[in-house]
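Participant: Take the sequence shown: its letter number 94 is residue 194 in the working numbering, and every next letter is one higher. Positions of the beta carbon are idealized from the N, C-alpha and C atoms, including for glycine.
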Amino acid sequence: MDLQRFWEWFYSSPAIDVLRNAKYAIPLIQSFHLFGLTLVLGTVVIFNARLLGIGMGKITPPVIANQLWRITLIGLLLSITTGILVFIPDPARYASNTAFKTKLVILIASILFHFTFFRKAIRSTTPTPRGRAAAVAAVSLTLWFGVGWAGRAIAFLG
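1) At the level of alpha carbons, what is the spacing between residue 116 and residue 148?
2) Starting from residue 155 and walking both ways along the alpha helix (DSSP H), at which residues does that stretch end?
3) Do you know whose CA, among 250, 255 and 244, lies nearest residue 139's CA?
4) Among the candidates 199, 195, 129 and 130, whose CA atom is the shortest distance from the CA of residue 249?
5) For the pair the segment 176-196 and the segment 149-160, tell me if three or more CB-CB distances fall below 8 Å.
6) Between which two residues does the alpha helix (DSSP H) containing residue 253 stretch?
7) Please identify the residue among 256, 205, 150 and 135 whose C-alpha is closest to the C-alpha of residue 264.
8) Please state if the CB of residue 182 and the CB of residue 129 are separated by a distance shorter than 9 Å.
9) So what does DSSP say about residue 203, is it helix, strand or coil?
10) Expressed to the nearest angstrom, what Euclidean distance is found between the alpha-carbon atoms of residue 206 and residue 118?
11) Can residue 241 and residue 163 be called in contact, C-beta distance under 9 Å?
12) Quick check on the burial criterion: 16 or more other C-beta atoms within 10 angstroms. Buried or exposed for residue 110?
13) Can you tell me where the alpha helix (DSSP H) holding residue 194 begins and where it ends?
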């Protein structure tokens, strides 16, 4: 089965038809999607602020990471799950949308960066050198806010 036939079959399945035609399903799912993104962005801002030495001076970055890591993961899983549910009813619309494709690329880059370089910097028990901390924070914030901005652009760009 080629990809086009798969999408046609998938699009016409009864479960997807219910999701697509339920009046409030997509707006409700999108609300949870944005809530998940807010959890991710909120914790990422806190992580980066602490990494840069802004605020919470008596709490070390690893302590903050331990306290907020679950919230970040919950937000990420919520965003990914609800994102899939928003995508499923109309895959052709999203698959051809430049902003959507951009969002996916930035999302993958964000996740990879977050669970490698960023995680190493935030969990380090020795202070991260100022220049490295600034670079890690700049990349982290740019990537995660890029996910949000690209997601917002989906409604406006084809």
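Facilitator: Let me lay it out:
1) Locating residue 116 in the sequence shown gives position 16, counting from the first residue. Locating residue 148 in the sequence shown gives position 48, counting from the first residue. Their backbone Cα atoms lie some 39 Å apart in a straight line.
2) The residue labelled residue 155 in the question sits at position 55 within the sequence shown. Note, residue 155: premise wrong, no alpha helix (DSSP H); not H, not E.
3) The count along the sequence shown starts at 1 and reaches residue 139 at position 39. Just measuring C-alpha positions, the residue of 250, 255 and 244 sitting nearest residue 139 is 244.
4) As a first step, residue 249 must be located in the sequence shown, where it is residue number 149. Nearest C-alpha to residue 249: 199.
5) Contact fails: fewer than three Cβ-Cβ distances are below 8 Å.
6) Translated into positions along the sequence shown, residue 253 becomes position 153. Counting along the chain, residue 253 sits inside the alpha helix (DSSP H) bounded by residues 230-253.
7) No answer is possible for residue 264: it lies beyond the span of the chain, which begins at 101 and ends at 258.
8) Numbered from 1 along the sequence shown, position 29 holds the residue referred to as residue 129. Numbered from 1 along the sequence shown, position 82 holds the residue referred to as residue 182. Contact: yes.
9) The count along the sequence shown starts at 1 and reaches residue 203 at position 103. DSSP places residue 203 in helix when its eight states are reduced to three.
10) Along the sequence shown, one-based indexing puts residue 206 at 106. Along the sequence shown, one-based indexing puts residue 118 at 18. Residue 206 and residue 118 have their C-alpha atoms some 31 Å from each other.
11) For the purposes of this step, residue 241 is taken as the residue at position 141 of the sequence shown. For the purposes of this step, residue 163 is taken as the residue at position 63 of the sequence shown. No, the Cβ-Cβ distance between residue 241 and residue 163 is not below 9 Å.
12) Mapped onto the sequence shown, residue 110 falls at position 10. Exposed, by the Cβ-count rule.
13) Mapped onto the sequence shown, residue 194 falls at position 94. First-last of the alpha helix (DSSP H) with residue 194: 191-195.
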